[in-house]
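First the structure, in the form of structure tokens, and then the observations on it.
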Ligand SMILES: [Fe+2]
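Residue numbers (the working numbering): 4 to 455.
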């Protein structure tokens, strides 16, 4: 039999589908998992992460792969199961569906469900920013899309913020069509109780936003919809030097007329770490890119941690770089979302083309002392976003665990790790051997008390 020309195969494979970008084809349910160390018995719930895993084997962009969930059920100090499941979107039931077809983009049920997972009001929600959320059950099986009993009229962000004080889920949706931006407020009981159209300068890609105790803060940045590109079947968003970068501050129960806009230097932020009020100032820590997508939608300069301070009295924003080490996927403890945080956790980004040369890390920033402490995974090992789960009776903001999947190119498989967030010890509290889990985006620790 003739050998396939591997160099030709590699050349035709987009970079995001090489290495650990390769999709997996099997949906598995695994018990009797090999555990090293001790799973803290107080961890009763699920860690669920989603990510792109194209069912056809290929996708034109990493953001367009079909959402596959990878979940761990922890209970009584045991890893009860690992399972991975496709979210049953129209792309799975009909794999020839084209995500970049305008009619599909505008069909709110046509979510890729590949970006984030939240537990809220007793439900597991799987999110992607252009469409309705999908609901899955505790076994990761798909229930279906939700439009909040018909109240949601457009897209729903993949990055809502659950206020730890009120239990509300604050969100927004953006669109290439007017209204370009809607603010959405979901009650602690899961009802969509407020929808406000917000005036912005044009249709931009607004991936995430911020909340404080009293405000929602929109990031209106120069990644703008481009109709010409939409016609060519490319991802229809590009950097626009003529589009001003601004932050919009609105009372959480407010409306469009109450938004105050503040100019900032051009940049792109997919993900803020957190934000909070400090007197008449609003502090936002963000993973900032100098720009994105100038020439192509694969243009990602190295992201760095920055701090923006909005002086609401002077009407000005101060911008300060915190660190040079490229890092993304910033997270804080769920208990401090919208409130003053001391600690932030980021995933160090490895730029190596060969997975064997890549090495990832979790970076913990102490914003009080300025000290950064790192957990390095070693050569060939790359982790995803580190999600914080608190200890049973936390004595401090960082009293708890960091969890993520780590891919090890040396053995081409993955492990689920639970690290001590307070000590940042390089030795895991527990490590669980798993099959290979492809690179993904975001996930959450959902305690059984929130959704089960
Ligand atoms: Fe994101």
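Here a beta-carbon is modelled for each residue, glycine too, at the ideal position from N, C-alpha and C.
For residue 106, no beta strand (DSSP E) run applies; the uninterrupted alpha helix (DSSP H) run containing it begins and ends at 105–108, by DSSP. Three or more Cβ pairs drawn from the region 41–60 and the region 441–450 lie within less than 8 Å of each other, which places the two stretches in contact. Sequence-distant Cβ neighbours of residue 268 in its own chain, meaning closer than 8 Å and more than five residues away, are 248, 322. Around residue 144, the same chain offers 88 as residues with beta carbons nearer than 7 Å, after the five sequence neighbours per side are excluded.
Where residue 93 is concerned, the enclosing alpha helix (DSSP H) starts and stops at 93–96. For residue 234, the enclosing alpha helix (DSSP H) covers residues 230–235.
Measuring C-alpha to C-alpha distances from residue 329 to each of 173, 306, 155, 136 identifies 306 as the nearest. Residue burial is scored here from C-beta neighbours: residue 230 has fewer than 16 other C-beta atoms within 10 angstroms and is therefore classed as exposed. Checking the DSSP bridge columns, you'll see residue 331 partnered with 350. With a contact defined as Cβ atoms closer than 8 Å, residue 186 and residue 253 qualify at about 7 Å. Within the same chain, 23, 385, 417 come within 6 Å of residue 410 by CB-CB distance, once the 5 residues on both sides are set aside.
The three-state reading of DSSP puts residue 197 in strand, counting E and B together. Each of 128, 95, 419 was checked against the Cα of residue 437, and the nearest Cα belongs to 419.
In this structure the region 309–325 does not lie against the region 348–361, because fewer than three pairs of beta carbons, one per stretch, are closer than 8 Å. DSSP lists 48, 82 as the beta-bridge partner residues of residue 77.
In the structure shown, the three-state DSSP call for residue 416 is strand. In the structure shown, residue 66 falls within a helical segment according to DSSP collapsed to helix, strand and coil. Separation of the CB atoms of residue 348 and residue 365 is rounded to 6 Å, and the pair is thereby assigned contact status at 8 Å. The alpha-carbon of residue 154 is positioned some 17 Å away from that of residue 132. Just so you know, the alpha carbons of residue 320 and residue 388 end up roughly 28 Å apart. Taking residue 158 as reference, the option from 166, 149, 176 with the minimal CA-CA separation is 176.
Within the same chain, Cβ atoms closer than 6 Å to the Cβ of residue 343 are found at 279, the five residues on either side in sequence being excluded. In this structure, the CA atom of residue 63 is about 26 Å from the CA atom of residue 163.
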